[in-house]
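Q: What follows is a structure written as structure tokens; I'll ask about it next.
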Amino acid sequence: MRADRAAGRPALPPPPLLLMLLLLLSRAAALHPSELFPYGQSRGDQLLQEGDDESSAAVKLTLSLRFYDAQFSDLYVGTNGIISTQDFPRETQYVDDDFPTDFPAIAPFLADIDTSGGRGRVLYRQDTSPAVLGLAANYVRTGFPLSGAHFTPTHAFLATWEQVGAYEEAKRGAPPSEELNTFQAVLASDESDTYALFLYPANGLQFFGTRPKESYNVQLQLPARVGFCRGEVDDLNRQGPYFSLTSTEQSVKNLYQHSNLGIPGVWAFHIGSTSPLDNVRPATVGGVLSKARPWAPLGQSFSHAVALEDDYTQDTLDDYDENEEEIEYPPSEPAEASNGHSTIDISLGGRVSAPDSDLASPVPRSASRGGPETEASPLDPHAKERRPQGETNAPDLKQRVESSQQPGTRVPAPPETEGDSPAPPGEAPPPSLEGGAGLADQDALPAHPGGEAALPNYPGPDHAPHLGHRRQVVGVEDDISSNTEVFTYNAANKETCEHNHERCSRHAFCTDYATGFCCHCQSRFYGNGKHCLPEGAPHRVNGKVSGHLLVGHTPVHFTDVDLHAYVVGNDGRAYTAISHIPQPAAQALLPLTPIGGLFGWLFALEKPGWENGFSLTGATFIHDVEVTFYPGEERVRITQTAEGLDPENYLSIKTNIQGQVPYIPANFSAHMAPYKELYHYTDSAVTSTSTKTYSLMSGAINQTRSYRIHQNITYQVCRHAPRHWAVPVTQQLNVDRVFALYSDEEKVLRFAVTNQIGPVEGDSEPTPVNPCYDGSHTCATTARCHPATGVDYTCECASGYQGDGRSCVDVNECATGFHRCGPNSVCVNLLGSYRCECRSGYEFADDRHTCISITPPPNPCENGRHNCAPASQARCIHHGDGSFSCACLPGYAGDGHRCTEPTQRPRTVCERWRESLLEHYGGTPRDDQYVPQCDDLGHFTPLQCHGKSDFCWCVDQDGREVQGTRSQPGITPACIPTVAPPTIRPMPRPDVTPPPVGTFLLYAQGQQIGHLPLNGTRLQKDTAKTLLSLHGSIVVGIDYDCRERMVYWTDVAGRTISRASLEPGAEPEMVINSGLISPEGLAIDHFRRTMYWTDSGLDKIERARLDGSERRALFHTDLVNPRAIAVDPIQGNLYWTDWNREAPKIEMSSLDGENRRILVNKDIGLPNGLTFDPFSKLLCWADAGTKKLECVLPDGTGRRVIQNNLNYPFNIVSYADHFYHTDWRRDGVIAVNRDTGQFTDEYLPEQRSHLYGITAVYPYCPGRK
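So in numbering that gives the first Met the number 0, the last one in the sequence shown is 1264, and the numbering has no gaps at all.
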């Protein structure tokens, strides 16, 4: 039995003293758990039954509680972090959906919480004790110094969730997560008002959202919702007002670190009153809302970071969602804007902004995200500092200040031990491979006398490959090449593991040597110690390729085209694909297999006792290649610079190609026989020289050509480790199954090789080898092959995976607790691994392991370090990030740095006449005496009256009566303004912001079109933005014309099809605005300059030219609910879906509407999304009924399931080896790998509402020209 929190709590001090204490503590620390309102069964709390979806019996309130505009006498408390005035529905009806709920809700932390098995408890009670009421009153008065100044509650209701956990699916042998949350809600009431307090103690929130049960195995998490909902307000099921405080995981993280009343972790809200209260009002004093304007009235949205869409009635949508499950289209009636629905997003560094807030600059985020990952402390990674439950002492401010200076904060590290010295003032430090950069900016490698590139002397390596068979050299002076420069060691500046172990990989150990330290990969990992990868696991490479080539005599240039490689480490296969290289260059590069062969050498299958390239170089090196073609002696140079591993352990590499290559006609293919290469190893360099022959074939033509290739690979080694002589300095790379192909249709250059590294061999007959050494084994691609006797072997899943070795699945280290993320950090699961990220408000310490609190920047407005005008003339406004602005006080004019009293304007005729008459009347006129009425600028108001009588008339701008306007008693004449109002031009439609060059996604989200860039296939979420805002629209279908860079969309609210150019300054243009009811799917044929669309209101499929001309219906029979549509312009096929619930189907026809036929009509449910991939030639669809993503060939064969656990997909598009679909459960864009079916990424826009159509925008037109 847990001790109650009340035990040992001292008597409360008088309210003023308590208030001062709270405000003082707010400057030093977040809310301590002991500072929650007292709770426990000894205090009279009732204990909610443990379980996953429990709710209390009705709590009969002694005093009715006011919530919005109503009174309630009952309250219910639920397991899932929520309080309501009525009993809860089943959790599946609300716990995984966004706000608003359709029932009244007070939600301090709405998520899927489970207290089964004693994982926490939920307590609640009514309270009228002076201590509780006094504490609540002081919080309210602090947050509402005007409206709440005299608030004296008579009753309080308290609910506390103590150490509760998230729902988890049980896994055999896996302990429950140790991430537990504690939070509290207090409702304080008097006869006329109710205020809510949400309290989140320091470290009280250790998880920030939960996974939906229906798709638990999908690695997607729904952030907790915090806020208030009025629920449905009448028999028409119209949604009442609601207020949302969080919309992202970051905003949930900020709950216990920030506040709206100056006390971190404490939030106050005015939620009910006898006076008019359009919506919940947050406190705005002393916290992050302190400088916000008054609350927005009904009809105005309340949001700074999130622009809420308007609320629309169902009637305006006609039959758009008829008979469709879970259809929730966004708004379509601008007149009902906001309806009191309000959102605050505290995700931007914790700043919350009220309507039209002037707090424009958020607090800086932690700079630690994505930083190097380090090995955890040997201490218990799960140990957390917690005070005993009964302890109530406040933190000592002096101790807090002193603690920041205690041991544990590092001084700058001493200089590198191998030739490094601190950079002189004003100069950049010497280049280094530390951090993955440095070598990219080095000059070209100098020519070696022998014709090969010589190794430059790079400064200060401090890491080495693990102690294997590689020859290591160490010495006080050690010549590493024919150059005369040497490395020297400075023993006085020796670096040790004690202060530098964080430089090693998370999967490495650190070893001290006589002159310094080195890093070595742990068992089951390989690399150079700084970078370690799991043995047996597949590896990926992402990069960019640029080039300036002379193809024959034709110059060709390309910049930053995409390179992707996939390597199966346990059998030596390496696949490389380069997109978007211009055709002449791509065709001419076919013989240059070394471009992809580098990855074969890096991750080659190792023969016993031999090591591949990555074991030596790690992830930072330079590969320099010089090729001379024969017989023409054209020369080309290739430089490949490896820049480290990204957070998901993908190798990042840049490739540059310069020179001249022989021209190869487009109808020729290149073929190369298996070959062998000898690699020669010296310290910090590997060289190889060889001659390769290749054949160019076209029909009966077969030409044989050759080239000479010099390769030089330079890298850093740790020179402190002792020499190791076990392996000769020459190794042989056997390259088999060499493949090179360029697809002009796809614009992709591909290389494939199979590689094995081992000793130098002759040409004798090979002897039988173990399958582990030649790659013929049957282990999973994520498994290691262990040779046994003869040809026997066993399979073992690679680190980070589990299974029998033939089949391996990812281990979620974050869920199982097998990770080393420390306090104040978050574990993020990756395939085969994980990474740690500091929580908001924290950053990595110098050891790159410990998360420490971020020291806020100084406030120049408080310390006087600003240049604003004197305080009597101006005010200094602090923006929270160390910056400030100045503003003149009322009555002064200027820029805030200089403020002057403006000169008084001369009095107008109206003002002089008014003063004259008032003087004549003795200063106070009678009710029937006329006094001219003047506006703020001194002009006559158009309506003039005798005193307070009903005798009125209109006047012109000079005050003269307009004849015929004098009124009768009780009738006010309608007068035209005497001064023309300022010219108000219509608000222009927002210009299209031209997106950068590259591939990106466009998605439809109600009243806007969003822009989401891609880096390779990864979602660049940080650079996502709104491309076009379309107020009053509901954008559903969307597609792109790559030839004219024009985006097209359907609008079911406006019943139109429109387009806009992506060029700067372009405005939307309506293309079709008649004869539509519910236009949904849209497809563009950029070859034939034609568009196709479905109309589910007319049950029709139509086509037209891109300018709207030559419109005609293709099909208007045998259609029930046509939705998605896709076009294959190459083969001339049209595809569409019909989610007729009685007989759903996917059909196809020619582009002219001929040869209509059913392609798929079995085992489908709600085929919402459809895409044709021009590269793989697959037709794929996302089904919201079966929850599957499937593909089929255009002839109906080869049907296969890519993913069978989708949420609620709406639309889908394919790009490269990924699918991207919009999802209504997540309200985001979800990425799925086409080859593995795994969910790889997701993007959740800040504005949470349904997403509809999605399309990919290429920097070129797919298919033939």
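Glycine included, C-beta positions come from ideal geometry on N, C-alpha and C.
Is it buried or exposed, residue 962, if we count other Cβ atoms within 10 angstroms and call 16 or more buried?
A: In the sequence shown, the residue the question calls residue 962 occupies position 963. So residue 962 counts as exposed.
Q: Where does residue 119 land, buried or exposed, given buried means 16+ other C-beta within 10 angstroms?
A: Along the sequence shown, read from residue 1 onward, the residue named residue 119 stands at position 120. Classification of residue 119: buried, given that the 10 Å Cβ count is 16 or more.
Q: Which partner residues does residue 1091 have in the DSSP bridge list?
A: Counting from 1 along the sequence shown, the entry for residue 1091 is found at position 1092. The partner list for residue 1091 (beta bridge, DSSP) reads 1082 and 1102.
Q: Tell me, please, whether the region 1051 to 1071 touches the region 1133 to 1143 by the rule of three or more beta-carbon pairs shorter than 8 Å.
A: Output reads no: the region 1133 to 1143 does not touch the region 1051 to 1071.
Q: Is there a C-beta anywhere in chain D that falls below 9 Å from the one on residue 280?
A: Going by chain labels, chain D is absent from the structure shown, which holds only one protein chain.
Q: Please go through the same chain and pick out, in chain order, the residues whose beta-carbon is closer than 6 Å to the beta-carbon of residue 756, but skip the five residues on each side of it.
A: Within the sequence shown, the letter at position 757 stands for residue 756. For residue 756, where only same-chain residues beyond five positions count, the Cβ hits under 6 Å are 603, 605, 609, 611, 730 and 732.
Q: Give a yes or no on whether the C-beta atoms belonging to residue 46 and residue 121 are separated by under 9 Å.
A: One-based indexing of the sequence shown puts residue 46 at position 47. One-based indexing of the sequence shown puts residue 121 at position 122. Their beta carbons are under 9 Å apart, which means residue 46 touches residue 121 by this criterion.
Q: For the region 551 to 560 and the region 583 to 592, state whether three or more C-beta atom pairs, one from each stretch, are separated by less than 8 Å.
A: The region 551 to 560 is in contact with the region 583 to 592.
Q: Any chance the region 49 to 65 sits against the region 105 to 118, with 3 or more Cβ pairs inside 8 Å?
A: With the cut-off at 8 Å, the region 49 to 65 and the region 105 to 118 touch.
Q: Given a cut-off of 9 Å, decide if residue 1022 and residue 1012 are closer than it, judged by their beta-carbon atoms.
A: On the sequence shown, residue 1012 is found 1013 positions in, with the first residue counted as 1. On the sequence shown, residue 1022 is found 1023 positions in, with the first residue counted as 1. Cβ distance < 9 Å, so residue 1012 and residue 1022 count as in contact.
Q: If I follow the unbroken beta strand (DSSP E) through residue 508, where does it start and stop?
A: Here residue 508 is taken as the residue at index 509 of the sequence shown, counted from 1. Where residue 508 is concerned, the enclosing beta strand (DSSP E) stretches over 507 to 511.
Q: Candidates 538, 1123 and 595: which alpha carbon is nearest residue 1038's?
A: In the sequence shown, the residue the question calls residue 1038 occupies position 1039. Per the Cα distances, 1123.
Q: Check whether the Cβ atoms of residue 265 and residue 67 lie closer than 9 Å to each other.
A: Counting from 1 along the sequence shown, the entry for residue 265 is found at position 266. Counting from 1 along the sequence shown, the entry for residue 67 is found at position 68. The answer is no: Cβ separation not under 9 Å.
Q: With burial defined as no fewer than 16 other Cβ atoms inside 10 Å of the residue's Cβ, what is the status of residue 998: buried or exposed?
A: Start at 1 with the first residue of the sequence shown, and residue 998 comes out as number 999. Under this definition residue 998 is a buried residue.
Q: Touching or not, the region 623 to 630 and the region 775 to 784, by the rule of three or more beta carbon pairs under 8 Å?
A: Because the criterion of three Cβ pairs below 8 Å is not met, the region 623 to 630 and the region 775 to 784 do not touch.
Q: Could you check whether the region 876 to 891 touches the region 851 to 863, counting it as contact only if at least three pairs of C-beta atoms, one from each stretch, sit closer than 8 Å?
A: Touching, per the Cβ criterion.
Q: I'd like the span of the alpha helix (DSSP H) that includes residue 133, first residue to last.
A: As a working mapping, residue 133 is identified with position 134 in the sequence shown. Run containing residue 133: 129 to 142, per the alpha helix (DSSP H) assignment.
Q: From residue 922 to residue 930, what distance separates their C-alpha atoms?
A: Walking along the sequence shown from the start, residue 922 turns up at place 923. Walking along the sequence shown from the start, residue 930 turns up at place 931. For residue 922 and residue 930, the distance between alpha carbons rounds to 11 Å.
Q: For residue 853, count the other beta carbons within 10 Å of its own beta carbon; 16 or more makes it buried, fewer makes it exposed. Which is it?
A: As a working note, residue 853 is residue 854 in the sequence shown. Classification of residue 853: buried, given that the 10 Å Cβ count is 16 or more.
Q: Nearest to residue 1131 by alpha carbon, out of 1097, 524, 1091 and 1118?
A: As a working note, residue 1131 is residue 1132 in the sequence shown. Checking every option, the nearest Cα to that of residue 1131 belongs to 1091.
Q: Is the region 1198 to 1216 touching the region 1169 to 1186, taking contact as three or more C-beta pairs under 8 Å?
A: The answer is yes - the region 1169 to 1186 touches the region 1198 to 1216, with three or more Cβ pairs under 8 Å.
Q: Taking the C-alpha atoms as reference points, what is the distance between residue 84 and residue 72?
A: The residue labelled residue 84 in the question sits at position 85 within the sequence shown. The residue labelled residue 72 in the question sits at position 73 within the sequence shown. Taking the straight line from one Cα to the other gives about 8 Å.
Q: Quick one: grab the DSSP three-state call for residue 870.
A: In the sequence shown, residue 870 corresponds to position 871, counting from 1. If DSSP states are grouped into helix, strand and coil, residue 870 belongs with coil.
Q: I'd like to check one pair, residue 155 with residue 125: are the Cβ atoms closer than 9 Å?
A: Looking up residue 125 in the sequence shown gives position 126. Looking up residue 155 in the sequence shown gives position 156. Against a cut-off of 9 Å, the Cβ pair of residue 155 and residue 125 comes out as a contact.
Q: Grab the span of the beta strand (DSSP E) containing residue 1134 for me, first residue to last.
A: Locating residue 1134 in the sequence shown gives position 1135, counting from the first residue. First-last of the beta strand (DSSP E) with residue 1134: 1132 to 1137.
Q: From the DSSP output, which residues share a beta bridge with residue 180?
A: What you label residue 180 is simply residue 181 of the sequence shown in a count that begins at 1. Looking at the DSSP assignment, residue 180 forms a beta bridge with 163.
Q: Taking only the alpha-carbon atoms, compute the straight-line gap between residue 843 and residue 525 and give it to the nearest angstrom.
A: Here residue 843 is taken as the residue at index 844 of the sequence shown, counted from 1. Here residue 525 is taken as the residue at index 526 of the sequence shown, counted from 1. Near 26 Å, if we compare the C-alpha coordinates of residue 525 and residue 843.
Q: Pick out whichever of 1161, 1097, 956 and 942 has its Cα sitting closest to the Cα of residue 1114.
A: Residue numbering aside, residue 1114 sits at position 1115 when the sequence shown is read from its first letter. For residue 1114, the nearest C-alpha among the options comes from 1097.
Q: Mind checking whether residue 1217 and residue 1200 have CB atoms under 9 Å apart?
A: Residue mapping note: residue 1217 aligns to position 1218 of the sequence shown, counting from 1. Residue mapping note: residue 1200 aligns to position 1201 of the sequence shown, counting from 1. Cβ atoms of residue 1217 and residue 1200: not closer than 9 Å.
Q: Might you give, ordered along the chain, the residues of its own chain that have their beta carbon closer than 6 Å to the beta carbon of residue 63, omitting 5 neighbours on each side?
A: Stepping through the sequence shown from its first residue, residue 63 is reached at position 64. Correct list, in chain order: 70 and 72.
Q: What did DSSP end up calling residue 1127 once you bin it into helix, strand or coil?
A: Translated into the one-based positions of the sequence shown, residue 1127 becomes position 1128. Residue 1127 falls in the strand class under three-state DSSP.
Q: Quick check on DSSP: helix, strand or coil for residue 636?
A: Residue numbering aside, residue 636 sits at position 637 when the sequence shown is read from its first letter. Looking at residue 636 - three-state DSSP - the assignment turns out to be strand.
Q: Do the region 744 to 758 and the region 567 to 587 touch if we need at least three Cβ pairs shorter than 8 Å?
A: Yes: at least three Cβ pairs fall under 8 Å.
Q: In angstroms, rounded to a whole number, what distance separates the CA positions of residue 873 and residue 887?
A: By one-based count along the sequence shown, residue 873 stands at place 874. By one-based count along the sequence shown, residue 887 stands at place 888. Using only the alpha carbons, I get a separation of about 4 Å.
Q: The beta strand (DSSP E) spanning residue 561 covers which residue range?
A: Position 562 of the sequence shown holds residue 561. Looking at the DSSP string, the run of the beta strand (DSSP E) that includes residue 561 is 553 to 567.
Q: Excluding the 5 residues flanking residue 899 on each side, which residues of the same chain have their C-beta closer than 7 Å to its C-beta?
A: By 1-based counting over the sequence shown, the position of residue 899 is 900. 891, 892 and 893, listed in sequence order.
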